[in-house]
Every structure is written in structure tokens, then in C-alpha cells.
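Please read the structure below before turning to the comments.
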Amino acid sequence: MSAARPRILYVTDLAYRARGRRYCDEDIFLTSRLGAHFDLALCHPSAAAGLMDAFDAVVVRNSGPVLAYQEDYEAFRARALGSGTRVYNQLTGRADMAGKQYLLDLSAAGFPVIPAVDRTEDLHRLPAAERYVVKPRLGADSIGLEIVTADRLAALADGSVLVQPCVDFAYEVSFYFVDHGFQYALYAPDPDRRWKLEPYEPTPEDLEFARRFIDWNGIEHGIQRVDACRAPGGGLLLVELEDLNPYLSLDALTEEAREAFVTAMTESLQRFVRDGSGPARR
């Protein structure tokens with residue numbers, strides 16, 4: 303580690319365009335605040351592998367879907383794991399960081415997730431529905447996602463995609479964690495406007511639901527987002543566990559909540575770079 307301030311390579315794609323969100327604004331804000339505590343350099347994900355050796359840690363933030371730079375990401379990941387480079391989020395994630403297999407595994411294990419299968423012979427495990435969601439195993443940001451009727455499933459479920467029933471949910475809600483500490487929750491009261499988010503006050507049962515997936519994933523250092531939907535029966539079902547580069551929707555927070563998040567992330571990074579120790583879980 304440097305004798306002065308820790309050196310952080312902050313990986314982001316400031317030019318990436320996402321529907322309903324401005325990723326660049328979020329990273330400009332975060333780096334402007336983190337710069338008070340770290341020596342920061344920003345780079346595109348395609349350059350991370352070649353630059354990271356000069357830094358104390360690499361922070362992967364709004365770098366966009368890995369599909370856009372798959373070979374570069376694999377090279378970065380392999381080099382970081384081989385050299386022991388500190389990467390935040392840690393590269394041990396079992397969820398979206400590793401593809402969509404975890405949705406199949408959690409579904410088969412009885413976790414509260416939207417049921418999922420990937421092969422024709424398993425379609426009978428899904429509840430009957432008028433429509434089904436079909437998405438690539440390595441998809442992100444709804445890339446390649448289709449909504450189809452049952453008659454098309456047999457031709458599509460070839461192991462390369464996940465098939466799930468369309469759930470008639472009341473709303474979607476996301477829970478945001480730094481390390482194992484819950485920070486805030488946001489929800490989309492209108493199901494047709496996924497990224498029109500408002501602050502959400504979770505119940506103890508909601509937090510228990512979200513923490514179950516954070517604990518399952520086992521990441522000690524990093525930022526995770528648990529996306530869920532409120533099912534017709536009233537309970538929550540997991541939609542996605544984003545553990546690679548979750549967008550944070552900081553612009554939907556109050557100033558107080560935004561400042562609290564920045565403080566939590568700063569302290570987490572300081573611990574991570576200094577000695578790798580994590581905070582007490584709460």
C-alpha cells in the first residue's frame with residue numbers, strides 16, 4: 303500500500319447509456335466524494351487489467367454489461383485472482399457476477415425466488431402462466447430478454463437461457479448493502495416504470511428476506527443490490543442479486559441518505575485497503 307493515501311483504480315464506463323438511468327452522473331458524484339480520502343484514477347473496463355498493478359485496490363462500479371467487453375473482463379478477472387489484487391466487489395460472488403445459474407440453484411433449493419428452469423424436460427416444474435420470461439444465462443440490463451407464450455418454450459429452453467413465469471407483482475423493490483450492512487431501500491410503485499424509484503421503508507420481514515441472500519452470497523467487501531418483487535400472495539420473491547456492478551440510484555435518495563451511503567462506502571474501502579477486515583454484521 304502507498305505510504306500516503308491509498309491508490310484506487312475506479313473502473314467505470316462513463317459513456318454507457320442505460321434506459322432510464324444516467325450511470326455517468328452517479329460515478330462522477332461518487333468519485334468526487336471519494337477523492338477526499340483516496341488517490342483516484344478512472345478507467346474504462348477494457349483497460350483495467352493493464353493498469354491495476356499500480357494501485358492498492360480496484361473498484362468496479364458502473365462498468366456496464368460485461369457482454370460488451372467479455373474478453374477484457376475475463377482477462378482482468380484472471381489476472382486479479384492470479385496476482386491477489388484487491389477488487390471491490392470481491393470476485394468471489396456467486397450471483398450475477400457468475401451468470402444466472404444461481405437463480406436455478408436457489409429455485410431448486412427452495413429459496414424465495416421466482417421459479418426458474420433452463421431445459422425443456424424441466425418445464426413442468428414451473429407454475430402455469432399466460433406468459434414466460436426467457437433470458438440469457440449471461441444477460442444483463444434486460445439484454446436478450448424475451449416475454450413469450452408457453453408454446454414457444456420447448457424450442458427456447460436449450461440450456462443457454464433461463465425460463466421463468468411472468469409474475470403479476472404489485473411492485474419491485476431493491477435493498478442496497480455495503481458489506482453486510484443494510485443502507486437503504488427503493489421501490490417502483492408503478493410496475494411499468496421500473497426506474498421511477500422512491501424511498502421504501504422495509505419491514506423487519508423484508509430485511510430478513512434480503513439478508514438471507516446477502517449471507518448466502520458470502521461477499522465480505524463490496525456493494526450488493528437485492529432486487530425483489532411483491533408477489534400476489536404478499537411475500538417477496540427474488541428477481542436478481544446484483545453483486546458485480548449494481549447501479550445505486552443515488553439520485554432517488556434524500557441528501558441525508560446519500561451522505562450516509564457515501565460514508566459507509568468510504569469506511570468500507572478504507573478497511574478493505576488497510577487490512578481487509580470487515581465490520582460487525584448488523
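303 is the number of the first residue of the sequence shown in this note's numbering; add one for each residue after it.
Ideal Cβ placement from N, Cα and C applies to all residues, glycine included.
With a cutoff of 8 angstroms on beta-carbon distance, aspartate 315 and asparagine 364 are scored as near each other. Here the stretch 458-471 lies against the stretch 412-432, with 3 or more beta-carbon pairs under 8 angstroms apart.
Taken through DSSP and simplified to helix, strand or coil, aspartate 517 comes out as helix.
In the three-state reduction of the DSSP assignment, glutamine 372 falls in the helix class, which pools H, G and I. Within the stretch 378-420, complete alpha helix (DSSP H) segments of at least 4 residues are found at 403-410, given in chain order. The residue among Leu458, Arg560, Ala320 with its C-alpha nearest the C-alpha of valine 480 is Arg560.
Secondary structure of tyrosine 325 (DSSP, three-state): helix. When the beta-carbon positions are compared, leucine 336 and threonine 568 come within less than 8 angstroms of each other. When rounded, the separation of the alpha-carbon atoms in aspartate 545 and histidine 426 is 30 angstroms. Per DSSP, reduced to three states, the secondary structure at valine 564 is helical. Here the C-alpha atom of tryptophan 497 lies approximately 21 angstroms from the C-alpha atom of glycine 537. Taking a cut-off of 8 angstroms for Cβ pairs, the stretch 376-389 and the stretch 323-339 do not touch, as fewer than three such pairs fall below it.
Bridge partners of lysine 437 according to DSSP: Leu464. Setting aside the 5 residues that flank it on each side, cysteine 345 is surrounded in the same chain by Leu311, Val313, Leu353, each with a C-beta closer than 7 angstroms to its C-beta; the list follows chain order.
The shortest C-alpha to C-alpha distance from leucine 393 to any of Arg309, Ile521, Leu555 is the one to Ile521.
According to DSSP, glutamate 448 shares a beta bridge with Val436. Within 10 angstroms of the beta-carbon of proline 506 lie fewer than 16 other beta-carbons, which makes it exposed.
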